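Worksheet: one structure, shown below.
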Amino acid sequence: MIYESILTSVSSDGIPHIAPFGVREHQGLIFIAPFRPSTTLDNLLATRQAVLNFTDDVRVFAGSLTGHRDWPLRPATQVNGQVLISALTHQELELVEVRDDEVRPELYFRIVHEEMHTPFRGFNRAQAAVIELAVLVSRLHMLPIEKIDAELEYLSIAIDKTAGEKELQAWQWLIDKVENHKAMMAGSNLA
Ligand SMILES: Cc1cc2nc3c(=O)[nH]c(=O)nc-3n(C[C@H](O)[C@H](O)[C@H](O)COP(=O)(O)O)c2cc1C
52 MIYESILTSV
62 SSDGIPHIAP
72 FGVREHQGLI
82 FIAPFRPSTT
92 LDNLLATRQA
102 VLNFTDDVRV
112 FAGSLTGHRD
122 WPLRPATQVN
132 GQVLISALTH
142 QELELVEVRD
152 DEVRPELYFR
162 IVHEEMHTPF
172 RGFNRAQAAV
182 IELAVLVSRL
192 HMLPIEKIDA
202 ELEYLSIAID
212 KTAGEKELQA
222 WQWLIDKVEN
232 HKAMMAGSNL
242 A
């Protein structure tokens with residue numbers, strides 16, 4: 052099972068970095084697999100510490116792909132890291148094992164501290180739709196336009212019926228990115 056989280060890491064110079072990552076559990080450890088190159092990977096190998104944030108503010112997911120990465124943070128409790136203010140809950144992690152790979156290394160972490168901040172308010176279909184579109188947008192260069200259009204049409208039903216303001220904003224950032232990509236593809240086909 053994979054959970055979509057926001058991983059905050061810090062560079063050796065203390066600069067925070069925010070990125071969405073799918074996380075899994077394996078024998079009591081948390082495990083992530085970043086594709087190279089990755090700022091998150093560089094930071095984690097340098098500091099060996101991270102914070103996993105679980106948030107229902109889907110703008111943070113969409114924002115990481117569309118140039119909106121500046122979200123409010125506060126210092127973590129037990130590790131050298133930063134906690135996303137919008138996290139419903141967060142875990143502070145220490146790197147215990149690296150299985151190196153040229154394409155996608157695997158990093159295993161121990162949870163050293165955990166905090167709960169806000170109760171889970173239930174499932175929202177628009178939030179799920181934004182996450183799905185964010186995953187598609189992160190793979191735009193690999194996908195045929197027809198596939199993107201078909202998925203967009205389906206996902207937009209949940210947006211139209213169930214979105215709040217944050218979901219609408221996140222959705223619009225992603226739609227703008229899809230439109231730019233389509234315009235670029237059309238341009239390169241003409242050239
Ligand atoms: C929902 C979601 C899940 C993601 N999960 C992963 C992942 O498991 N591994 C990965 O390499 N990138 C994943 N990505 C893409 C990274 O967030 C993105 O490439 C990010 O910028 C990481 O690169 P960075 O560390 O250089 O910022 C995911 C993106 C989204 C929207």
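The number in my numbering is simply the position in the sequence shown, starting from 1, with 51 added. Here a beta-carbon is modelled for each residue, glycine too, at the ideal position from N, C-alpha and C. Source: prediction; values computed, not measured.
Using the Cα positions of GLY243 and ALA234, report the straight-line distance between them to the nearest angstrom.
The structure shown does not extend to residue 243, since the chain spans only 52 to 242, so no value can be given for it.
Following the continuous alpha helix (DSSP H) through ILE182, name the residue where it begins and the one where it ends.
Counting from 1 along the sequence shown, the entry for residue 182 is found at position 131. For ILE182, the enclosing alpha helix (DSSP H) has its first and last residue at 176–188.
For SER62 versus ASN94, is the C-beta distance shorter than 9 Å?
Sequence index remark: in the sequence shown, residue 62 carries index 11 (1-based). Sequence index remark: in the sequence shown, residue 94 carries index 43 (1-based). Their beta carbons are under 9 Å apart, which means SER62 touches ASN94 by this criterion.
Using 8 Å as the Cβ pair cut-off and three pairs as the minimum, do the stretch 80–98 and the stretch 151–166 touch?
Contact holds: three or more Cβ-Cβ distances are below 8 Å.
Can you find a heavy atom of ligand 1 that lies under 8 Å from the Cβ of HIS192?
For the purposes of this step, residue 192 is taken as residue 141 along the sequence shown, with counting starting at 1. HIS192: no, Cβ never under 8 Å from ligand 1.
Provide the residue(s) that pair with VAL102 in DSSP beta bridges, ordered along the chain.
Mapped onto the sequence shown, residue 102 falls at position 51. In the DSSP output, where bridge partners are listed per residue, VAL102 has THR59 and GLU143.
Who are the Cβ neighbours of ARG176 in its own chain at under 6 Å, not counting the five residues just before and after it?
Start at 1 with the first residue of the sequence shown, and residue 176 comes out as number 125. Excluding residues within five positions, the ones whose Cβ falls inside 6 Å are ALA209 and THR213.
List the endpoints of the continuous beta strand (DSSP E) containing GLY73.
Counting from 1 along the sequence shown, the entry for residue 73 is found at position 22. Where GLY73 is concerned, the enclosing beta strand (DSSP E) stretches over 67–77.
THR91 versus GLU55: straight-line alpha-carbon distance, rounded:
Here the question's residue 91 lines up with position 40 in the sequence shown. Here the question's residue 55 lines up with position 4 in the sequence shown. About 15 Å.
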